[in-house]
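Reading through the C-alpha coordinates given below for one structure.
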Amino acid sequence: MSDKYWDEYPLLRTMTKLRNARFKASERLSRRYKWHSLALVVFSIYVIALTILPNFFRDLSSYTLQIVSYVSAVSSVFVVALSMYLAFSEDVVRAKYLHDNAKKVTNLYNRYRTEIYNYANSNTNEKIDNIKYEQMYSEIMDTCPYNHDPIDFNYAMLSLEKISIIRGASTRVSEFLSVYLWPMAAFTLPPVAIFAGLKLAPIAM
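Residue numbers for the sequence shown follow this note's numbering, so the first one is 66 and each next one is one higher.
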(Lines of atoms letter the chains of each structure in order from A and count residues from 1; the text may use other names and numbers.)
(Lines give C-alpha, C1' and ligand atoms only; values in the text may rest on other atoms or scores of the structure.)
Protein backbone atom coordinates (compact mmCIF):
# COMPACT_ATOMS: atom_id res chain seq x y z
CA MET A 1 0.00 0.00 0.00
CA SER A 2 1.59 3.24 -1.14
CA ASP A 3 1.41 6.73 0.34
CA LYS A 4 0.35 9.75 -1.68
CA TYR A 5 3.47 11.61 -0.54
CA TRP A 6 5.95 8.92 -1.60
CA ASP A 7 6.70 10.39 -5.02
CA GLU A 8 7.47 13.84 -3.67
CA TYR A 9 9.20 12.58 -0.52
CA PRO A 10 10.96 9.31 -1.45
CA LEU A 11 12.49 9.01 2.01
CA LEU A 12 9.03 8.04 3.25
CA ARG A 13 9.02 5.08 0.87
CA THR A 14 12.53 4.10 1.91
CA MET A 15 11.66 4.18 5.60
CA THR A 16 8.46 2.21 5.05
CA LYS A 17 10.28 -0.57 3.22
CA LEU A 18 13.08 -0.62 5.77
CA ARG A 19 10.90 -0.76 8.86
CA ASN A 20 8.62 -3.43 7.35
CA ALA A 21 11.61 -5.56 6.40
CA ARG A 22 13.17 -5.25 9.84
CA PHE A 23 9.97 -5.94 11.73
CA LYS A 24 9.55 -9.03 9.55
CA ALA A 25 13.17 -10.06 10.12
CA SER A 26 12.78 -9.73 13.88
CA GLU A 27 9.61 -11.83 13.87
CA ARG A 28 11.13 -14.50 11.60
CA LEU A 29 14.37 -14.80 13.55
CA SER A 30 12.55 -15.10 16.88
CA ARG A 31 10.24 -17.74 15.44
CA ARG A 32 13.14 -19.62 13.85
CA TYR A 33 15.08 -19.76 17.11
CA LYS A 34 12.08 -21.16 18.99
CA TRP A 35 11.33 -23.80 16.37
CA HIS A 36 14.98 -24.81 16.01
CA SER A 37 15.16 -25.19 19.79
CA LEU A 38 12.11 -27.45 19.60
CA ALA A 39 13.77 -29.47 16.83
CA LEU A 40 16.80 -29.98 19.08
CA VAL A 41 14.55 -31.27 21.85
CA VAL A 42 12.77 -33.67 19.48
CA PHE A 43 16.03 -35.08 18.08
CA SER A 44 17.36 -35.48 21.63
CA ILE A 45 14.23 -37.40 22.64
CA TYR A 46 14.70 -39.72 19.66
CA VAL A 47 18.32 -40.37 20.64
CA ILE A 48 17.35 -41.21 24.22
CA ALA A 49 14.37 -43.34 23.19
CA LEU A 50 16.29 -45.30 20.57
CA THR A 51 19.20 -45.83 22.95
CA ILE A 52 17.07 -47.45 25.65
CA LEU A 53 14.69 -49.23 23.26
CA PRO A 54 16.70 -52.50 23.08
CA ASN A 55 16.54 -52.78 26.88
CA PHE A 56 12.75 -53.03 26.75
CA PHE A 57 12.42 -55.13 23.58
CA ARG A 58 15.06 -57.83 23.87
CA ASP A 59 13.49 -59.98 21.14
CA LEU A 60 14.27 -57.47 18.38
CA SER A 61 16.10 -58.93 15.41
CA SER A 62 19.69 -57.99 14.71
CA TYR A 63 18.55 -56.17 11.56
CA THR A 64 16.04 -54.09 13.51
CA LEU A 65 18.67 -53.27 16.12
CA GLN A 66 20.98 -52.22 13.32
CA ILE A 67 18.33 -49.86 11.93
CA VAL A 68 17.63 -48.42 15.38
CA SER A 69 21.34 -47.91 15.99
CA TYR A 70 21.79 -46.20 12.63
CA VAL A 71 18.86 -43.82 13.14
CA SER A 72 20.06 -43.05 16.66
CA ALA A 73 23.52 -42.20 15.32
CA VAL A 74 22.10 -39.93 12.62
CA SER A 75 19.85 -38.23 15.17
CA SER A 76 22.90 -37.67 17.36
CA VAL A 77 24.61 -35.91 14.46
CA PHE A 78 21.58 -33.64 14.10
CA VAL A 79 21.66 -32.94 17.84
CA VAL A 80 25.29 -31.87 17.62
CA ALA A 81 24.66 -29.77 14.50
CA LEU A 82 21.64 -28.01 15.97
CA SER A 83 23.38 -27.50 19.32
CA MET A 84 26.30 -25.80 17.58
CA TYR A 85 23.94 -23.71 15.47
CA LEU A 86 21.95 -22.51 18.49
CA ALA A 87 25.13 -21.89 20.48
CA PHE A 88 26.66 -19.65 17.82
CA SER A 89 23.46 -18.30 16.31
CA GLU A 90 22.75 -14.61 16.76
CA ASP A 91 19.07 -14.95 15.92
CA VAL A 92 17.85 -13.67 19.29
CA VAL A 93 20.29 -10.76 19.39
CA ARG A 94 19.62 -9.85 15.77
CA ALA A 95 15.88 -9.99 16.34
CA LYS A 96 16.14 -7.56 19.27
CA TYR A 97 18.38 -5.10 17.42
CA LEU A 98 16.28 -5.17 14.26
CA HIS A 99 13.02 -4.74 16.17
CA ASP A 100 14.36 -1.78 18.14
CA ASN A 101 15.77 -0.24 14.98
CA ALA A 102 12.47 -0.64 13.16
CA LYS A 103 10.70 1.11 16.04
CA LYS A 104 13.09 4.05 15.80
CA VAL A 105 12.52 4.28 12.06
CA THR A 106 8.77 4.15 12.64
CA ASN A 107 8.96 7.03 15.11
CA LEU A 108 10.99 9.08 12.65
CA TYR A 109 8.60 8.19 9.86
CA ASN A 110 5.60 9.36 11.88
CA ARG A 111 7.33 12.61 12.76
CA TYR A 112 8.36 13.23 9.15
CA ARG A 113 4.95 12.25 7.79
CA THR A 114 3.16 14.55 10.23
CA GLU A 115 5.34 17.48 9.26
CA ILE A 116 4.69 16.79 5.58
CA TYR A 117 0.96 16.63 6.17
CA ASN A 118 0.95 19.87 8.13
CA TYR A 119 3.03 21.57 5.47
CA ALA A 120 0.76 20.34 2.66
CA ASN A 121 -2.33 21.61 4.46
CA SER A 122 -1.03 25.03 5.47
CA ASN A 123 -0.16 28.26 3.72
CA THR A 124 3.35 28.50 5.07
CA ASN A 125 6.28 29.11 2.74
CA GLU A 126 8.74 27.46 5.08
CA LYS A 127 9.77 24.21 3.42
CA ILE A 128 10.56 20.95 5.13
CA ASP A 129 14.21 20.28 5.86
CA ASN A 130 14.50 16.95 4.04
CA ILE A 131 18.26 16.81 4.55
CA LYS A 132 17.75 16.89 8.31
CA TYR A 133 15.49 13.84 8.16
CA GLU A 134 17.88 12.02 5.84
CA GLN A 135 20.68 12.59 8.33
CA MET A 136 18.51 11.42 11.22
CA TYR A 137 17.56 8.33 9.24
CA SER A 138 21.21 7.62 8.50
CA GLU A 139 22.09 7.98 12.18
CA ILE A 140 19.36 5.51 13.14
CA MET A 141 20.68 3.04 10.59
CA ASP A 142 24.19 3.36 12.04
CA THR A 143 22.94 2.35 15.49
CA CYS A 144 22.06 -1.15 14.28
CA PRO A 145 25.03 -3.50 13.70
CA TYR A 146 22.86 -6.02 11.84
CA ASN A 147 20.94 -5.95 8.60
CA HIS A 148 17.83 -7.80 7.55
CA ASP A 149 18.12 -10.62 5.02
CA PRO A 150 16.93 -10.35 1.40
CA ILE A 151 14.10 -12.76 2.21
CA ASP A 152 12.75 -10.28 4.77
CA PHE A 153 12.89 -7.39 2.32
CA ASN A 154 11.15 -9.46 -0.35
CA TYR A 155 8.46 -10.51 2.12
CA ALA A 156 7.90 -6.90 3.15
CA MET A 157 7.42 -5.95 -0.50
CA LEU A 158 4.48 -8.34 -0.83
CA SER A 159 2.20 -5.82 0.87
CA LEU A 160 3.74 -2.71 -0.70
CA GLU A 161 4.23 -3.44 -4.38
CA LYS A 162 2.75 -5.55 -7.11
CA ILE A 163 5.03 -8.49 -7.75
CA SER A 164 4.75 -11.58 -9.90
CA ILE A 165 2.96 -14.66 -8.61
CA ILE A 166 6.13 -16.69 -9.00
CA ARG A 167 8.22 -14.25 -6.98
CA GLY A 168 5.55 -14.04 -4.30
CA ALA A 169 5.29 -17.83 -4.03
CA SER A 170 9.08 -18.19 -4.00
CA THR A 171 9.37 -15.64 -1.19
CA ARG A 172 6.75 -17.40 0.94
CA VAL A 173 8.33 -20.82 0.39
CA SER A 174 11.80 -19.49 1.27
CA GLU A 175 10.47 -17.86 4.43
CA PHE A 176 8.68 -21.07 5.43
CA LEU A 177 11.74 -23.26 4.91
CA SER A 178 13.96 -20.79 6.76
CA VAL A 179 11.88 -21.34 9.88
CA TYR A 180 10.43 -24.84 9.64
CA LEU A 181 12.92 -27.00 7.70
CA TRP A 182 14.74 -28.32 10.77
CA PRO A 183 11.57 -28.91 12.79
CA MET A 184 10.01 -30.82 9.89
CA ALA A 185 13.16 -32.93 9.67
CA ALA A 186 13.08 -33.59 13.41
CA PHE A 187 9.48 -34.76 13.40
CA THR A 188 9.64 -36.86 10.23
CA LEU A 189 13.13 -38.19 9.43
CA PRO A 190 13.74 -40.61 12.35
CA PRO A 191 10.34 -42.38 12.22
CA VAL A 192 10.36 -42.45 8.42
CA ALA A 193 13.89 -43.90 8.41
CA ILE A 194 12.92 -46.61 10.90
CA PHE A 195 9.70 -47.45 9.05
CA ALA A 196 11.48 -47.59 5.68
CA GLY A 197 14.26 -49.72 7.12
CA LEU A 198 11.84 -52.22 8.63
CA LYS A 199 9.84 -52.37 5.40
CA LEU A 200 13.01 -53.22 3.51
CA ALA A 201 14.02 -55.86 6.04
CA PRO A 202 12.61 -58.83 4.08
CA ILE A 203 14.39 -57.63 0.95
CA ALA A 204 17.67 -57.12 2.74
CA MET A 205 17.42 -60.50 4.40
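The beta carbon of each residue, even a glycine, is placed where N, CA and C say it ideally should be. All figures in this text were calculated on a predicted structure; none of them were measured in a lab.
- With contacts defined as CB atoms closer than 8 Å, W247 and L147 qualify as a contacting pair.
- According to the DSSP assignment, P215 belongs to the alpha helix (DSSP H) that extends over P215 to M222.
- Its chain contains C209 and Y211 as the residues whose beta carbon lies nearer than 6 Å to that of Y162, once the 5 sequence neighbours on both sides are disregarded; these appear in chain order.
- The beta carbons of N85 and L225 sit about 7 Å from each other, so the pair counts as a contact at 8 Å.
- The beta carbon of V244 sits closer than 7 Å to the beta carbons of R93, R96, R97 and W100 from its chain, once the five residues preceding and following it are set aside; these are given in chain order.
- Taken through DSSP and simplified to helix, strand or coil, P75 comes out as helix.
- Contact check for V136 against L115 passes: the beta carbons are separated by less than 8 Å.
- Between the alpha carbons of S229 and V157 lies a distance of about 32 Å.
- At a Cβ-Cβ threshold of 8 Å, A160 and F88 do not count as neighbours.
- In this structure, the CA atom of K69 is about 28 Å from the CA atom of I231.
- Cβ atoms of L242 and R178 stay farther apart than 8 Å, at about 36 Å.
- Secondary structure at N212: coil, using DSSP grouped into helix, strand and coil.
- Across the structure, S109 and V145 are spaced so that their CA atoms are roughly 10 Å apart.
- Between Y111 and S140 the beta-carbon gap is near 5 Å, inside 8 Å, which marks them as a contact.
- When the five nearest sequence neighbours on each side are left out, the beta carbons in the same chain lying within less than 8 Å of the beta carbon of L130 are those of P119, in order along the chain.
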